[in-house]
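Notes for the one structure printed next.
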Amino acid sequence: AIPLKELFKDYFPIGAAITPQHADLATIHGEALVKHFNSVTAENVMKPESLQRNKGVYTWEGADRIVQFAKNNNLQVRGHTLTWHSQSPDWMFYDENGELLSREVASAQLEEHITTVMSRYKGDVYAWDVVNEAMSDWDPNGEIIYREDSPWYKIFGPSYIDSAFVFAHRADPEAKLFYNDYNSIFSWKRNKIYDLVKRLKDNNIPIDGVGLQGHWMIETSEQDIRTTLDLFRGLGVEIQITELDLPVYLSSNEEGSMVYTETFSQRQKQTYSMIFQVLLDYKDVITGVTFWGIGDDASWLDQPGRKAFPFLLDENLQPKPAYFEVQKLLN
Ligand code: G3I
Numbered sequence: 055a056i057p058l059k060e061l062f063k064d065y066f067p068i069g070a071a072i073t074p075q076h077a078d079l080a081t082i083h084g085e086a087l088v089k090h091f092n093s094v095t096a097e098n099v100m101k102p103e104s105l106q107r108n109k110g111v112y113t114w115e116g117a118d119r120i121v122q123f124a125k126n127n128n129l130q131v132r133g134h135t136l137t138w139h140s141q142s143p144d145w146m147f148y149d150e151n152g153e154l155l156s157r158e159v160a161s162a163q164l165e166e167h168i169t170t171v172m173s174r175y176k177g178d179v180y181a182w183d184v185v186n187e188a189m190s191d192w193d194p195n196g197e198i199i200y201r202e203d204s205p206w207y208k209i210f211g212p213s214y215i216d217s218a219f220v221f222a223h224r225a226d227p228e229a230k231l232f233y234n235d236y237n238s239i240f241s242w243k244r245n246k247i248y249d250l251v252k253r254l255k256d257n258n259i260p261i262d263g264v265g266l267q268g269h270w271m272i273e274t275s276e277q278d279i280r281t282t283l284d285l286f287r288g289l290g291v292e293i294q295i296t297e298l299d300l301p302v303y304l305s306s307n308e309e310g311s312m313v314y315t316e317t318f319s320q321r322q323k324q325t326y327s328m329i330f331q332v333l334l335d336y337k338d339v340i341t342g343v344t345f346w347g348i349g350d351d352a353s354w355l356d357q358p359g360r361k362a363f364p365f366l367l368d369e370n371l372q373p374k375p376a377y378f379e380v381q382k383l384l385n
């Protein structure tokens, strides 16, 4: 097999989400990272609750380890994430009585967090998901635009999004700044994201791109992806696929062992091939593609009794049928 990063070298960097334990050449994960990828994202350890669980006390160890590994091995780092309703410590939103903070206090704390984190990794983390998952998943008619149950929204309304981008640009003017979300290829959600990004650009808020997470499925429609890419290309922003995976959801058989049947393998192969053909077609606007993991040994989608097998590398981090199908597109 040709390493993934060689396959895509004329197109886009290809990345994986990793844990600090993977950032070690002595592991099969570290080996696969260096062989196949030229970009990494921390799956969890750069999130607010990991970096600043207690106010003013930063924990850099895991994130530093990933950044150092990336520097040593010529991998780019995408930062994930600065402003999110989830995996963020309560003190960012609530006082000791459980009341929502004032805008002034919450805004100052957000700015402090963004500035501290981005300053530490200036020059090492080339792009950041500045705001993650701020749009509502509800209401296909588009009347509920923002995720209103987010404590950020409760404190600020939508303006926290603008502020986060301004703070981020101030902290590291060279970093690429992204808005990142899921379900972003479905019309009812992508239109909300489109309106948001357009509003930010119209107001001269510094935003460079949109991250389409890419938690897709073997049934995902080619047209949905193409329409979405066309739409954001029209806004003149970069597009990155930030969290790609394609689960096949096999449950245990009666013996309790996992099976990866030929049928699932075929369908996943076809969908991965379709997806990468589309991404290659849009190489003018796609500036990165990242898988939300490395290989089928571990994925956030795995549950007891249900394994997802969502990647191009198998449980031993070796290329699987879907990999060879994608490779065919470039030969
Ligand atoms: O680290 C603790 C461990 O100390 C504890 O014993 C254990 C018990 O539950 O939990 C561990 O934390 C888990 C953490 O992953 C690290 O493994 C959390 O429970 C678990 O909720 C967390 O899940 C992460 C999830 O975000 C949280 O929302 C996934 O790993 C991570 O892949 C996932 O990533 C998100 C992106 O950030 C945003 N887009 C969607 C994507 C998938 O949900």
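End of the sequence shown sits at 385 in full-length UniProt numbering; the numbers just go up one at a time, nothing left out. Just so you know, even glycine gets a beta-carbon here, dropped at the ideal spot from N, CA and C. All figures in this text were calculated on a predicted structure; none of them were measured in a lab.
Counting only residues of its own chain and dropping the five nearest sequence neighbours on each side, Ser-204 has a CB closer than 6 Å to the CB of His-139. With 16 or more neighbouring CB atoms inside 10 Å of its own CB, Gln-322 falls in the buried class. The C-alpha of Leu-254 is placed about 10 Å away from the C-alpha of Ser-213. As summarised for the segment 63-121, the continuous alpha helix (DSSP H) elements at least 4 residues long and confined to that stretch are 82-90 and 102-105, given in chain order. About 14 Å separates the Cβ atoms of Lys-125 and Phe-91, ruling out a contact at the 8 Å cut-off. In the pairwise beta carbon analysis, the segment 104-115 is classified as not touching the segment 361-378: fewer than three pairs are separated by under 8 Å. For Asn-186, the CB falls within less than 7 Å of some heavy atom of the ligand G3I. With respect to Leu-250, Val-184 sits apart: the two C-beta atoms are not nearer than 8 Å.
Ser-140 has its CB nearer than 7 Å to a heavy atom of the ligand G3I.
Secondary structure of Leu-254 (DSSP, three-state): helix.
Here Ala-71 really is in contact with Gly-347; their C-beta atoms are around 6 Å apart, less than 8 Å.
For Ser-104, the closest of Thr-282, Thr-137 and Phe-123 by C-alpha to C-alpha distance is Thr-137. If you draw a straight line from the Cα of Tyr-65 to the Cα of Gln-372, it is about 23 Å long. A contact is defined here as three or more CB-CB pairs under 8 Å, and the segment 286-300 meets this definition with respect to the segment 265-273. The beta-carbon distance between Phe-219 and Pro-260, rounded to whole angstroms, is 6 Å. This is short enough to meet the 8 Å contact definition. By the Cβ-count criterion, Glu-379 is buried, with 16 or more other Cβ atoms from all chains shown falling within 10 Å of its own Cβ. In the DSSP annotation of this structure, Asp-235 is not part of any alpha helix (DSSP H); the continuous beta strand (DSSP E) holding it starts and ends at 230-235. The Cβ atoms of Asn-245 and Asn-186 lie no closer than 8 Å to each other. Ser-156 sits exposed, since fewer than 16 C-beta atoms from the chains shown fall within 10 Å of its C-beta. Note on Ala-162: under 16 other CB atoms within 10 angstroms of its CB, so exposed under the neighbour-count rule.
Here Lys-208 carries a helix assignment [DSSP, helix/strand/coil]. Its chain contains Phe-232, Tyr-233, Ile-247, Val-251, Phe-286, Val-291 and Ile-293 as the residues whose beta carbon lies nearer than 7 Å to that of Val-264, once the 5 sequence neighbours on both sides are disregarded; these appear in chain order. Straight through space, the alpha carbons of Glu-276 and Gln-331 are spaced by roughly 10 Å.
DSSP places Thr-344 within a strand segment (E or B) once states are collapsed to three.
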